[in-house]
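If you use our numbering, the sequence shown closes out at 325, no skipped numbers anywhere.
Taking it in order: structure first as structure tokens, then the write-up.
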Amino acid sequence: MRRLQSRSKSLYLLMIVVAVVYMLYVTYVNFIHDPQAAEFLSHKTGLKRPVVLPIWLNVMYVHIVFACVAMIAGAINFSTKILSKHRRLHRVNGYLYLLSVAVVVLTSGYMAPYSTGGKINSIAFNVMNLIFMGLTVAAIVQIKRKQVDSHRKWMVRSYAFCFTNLFIHMFTFVFHNGFGVEYALSYTLGVYGALVLNFALAELVIRCIYTRPAAIVPPGNKKDKAIA
Ligand code: HEM
Numbered sequence: 098m099r100r101l102q103s104r105s106k107s108l109y110l111l112m113i114v115v116a117v118v119y120m121l122y123v124t125y126v127n128f129i130h131d132p133q134a135a136e137f138l139s140h141k142t143g144l145k146r147p148v149v150l151p152i153w154l155n156v157m158y159v160h161i162v163f164a165c166v167a168m169i170a171g172a173i174n175f176s177t178k179i180l181s182k183h184r185r186l187h188r189v190n191g192y193l194y195l196l197s198v199a200v201v202v203l204t205s206g207y208m209a210p211y212s213t214g215g216k217i218n219s220i221a222f223n224v225m226n227l228i229f230m231g232l233t234v235a236a237i238v239q240i241k242r243k244q245v246d247s248h249r250k251w252m253v254r255s256y257a258f259c260f261t262n263l264f265i266h267m268f269t270f271v272f273h274n275g276f277g278v279e280y281a282l283s284y285t286l287g288v289y290g291a292l293v294l295n296f297a298l299a300e301l302v303i304r305c306i307y308t309r310p311a312a313i314v315p316p317g318n319k320k321d322k323a324i325a
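So, in structure tokens, the structure goes:
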């Protein structure tokens with residue numbers, strides 16, 4: 098039991114460190130180092146519709162800001178301390194997460210037809226949009242039905258999608274820089290690889306960390322508090 102708790106704490110800490118470092122990196126690259134996204138756009142070839150730069154850029158900025166808000170809000174809500182001591186904060190923050198996911202998905206929907214690598218990635222991004230929103234709504238529906246365990250599991254599956262961009266770049270880097278695969282193909286492998294890794298990591302966390310039922314009184318009960 099103790100080992101499980103300490104494993105869960107270490108994993109939570111690791112997740113926070115990765116999320117914070119990645120958010121700082123994304124903010125630096127996209128708002129300071131290359132605000133016109135010249136490097137990223139240079140890989141787009143053979144697009145059916147040309148990118149309307151001012152609109153695409155602003156949509157991307159909104160996408161990044163809300164993606165970071167989703168990452169922060171989600172990370173905060175996995176804290177058992179916050180859940181047990183500040184139930185209202187967890188609830189408000191949960192709706193902020195839902196809103197942020199909706200904005201990430203909408204902005205992604207705008208950018209998807211212009212995806213690097215073409216139609217094969219546009220389709221993947223649109224499928225991801227449906228999955229990301231679906232998983233998040235499923236988590237909210239579960240807690241509305243007072244199914245705490247199920248809510249927690251669907252939120253893990255949803256939150257894994259916040260790491261999509263990180264995984265895409267990780268795979269692209271390994272294939273392109275490591276194995277010399279052409280950039281567009283590396284990016285495609287990155288998009289599909291991220292989709293698989295999101296699911297795999299979420300299931301791993303659910304199976305290794307959330308092995309016991311949540312010791313939490315469902316919302317709406319008189320003692321609306323965590324009991325462990
Ligand atoms: C929540 C964490 C996320 C962050 C921090 C993030 C960040 C970014 C950034 C910085 C870009 C600009 C290009 C690049 O450097 O990759 C981008 C593009 C994009 N993102 Fe996200 N994103 C996130 C999640 C998602 C999710 C979950 C989806 C889909 C469901 C998505 C769909 C897209 C699409 C379609 C593009 C344009 C890709 C292209 O033009 O090839 N993003 N994102």
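All residues carry an ideal CB built from backbone N, CA and C; glycine is no exception.
Bear in mind the structure is a predicted one, so any value in this text is a computation, not a measurement.
- Bounds of any alpha helix (DSSP H) do not take in G215, whose DSSP letter is neither H nor E.
- Between the region 238 to 250 and the region 199 to 211, the count of Cβ pairs shorter than 8 Å is below three; the stretches do not touch.
- If you draw a straight line from the Cα of M120 to the Cα of C165, it comes to about 6 Å.
- Relative to the non-hydrogen atoms of the ligand HEM, the Cβ of S197 never comes closer than 6 Å to any of them.
- For V148, the CB contacts under 6 Å within the same chain, skipping 5 residues up- and downstream, are Y211 in chain order.
- By the CB criterion at 7 Å, F268 and F229 fall outside the cutoff.
- Distances between the C-beta of V149 and the heavy atoms of the ligand HEM are all 6 Å or more.
- According to the DSSP assignment, V166 belongs to the alpha helix (DSSP H) that extends over 150 to 174.
- The residue among R249, S255, G290, L292 with its C-alpha nearest the C-alpha of L180 is R249.
- Excluding the 5 residues flanking it on each side, N223 has same chain C-beta neighbours closer than 6 Å at A209, in chain order.
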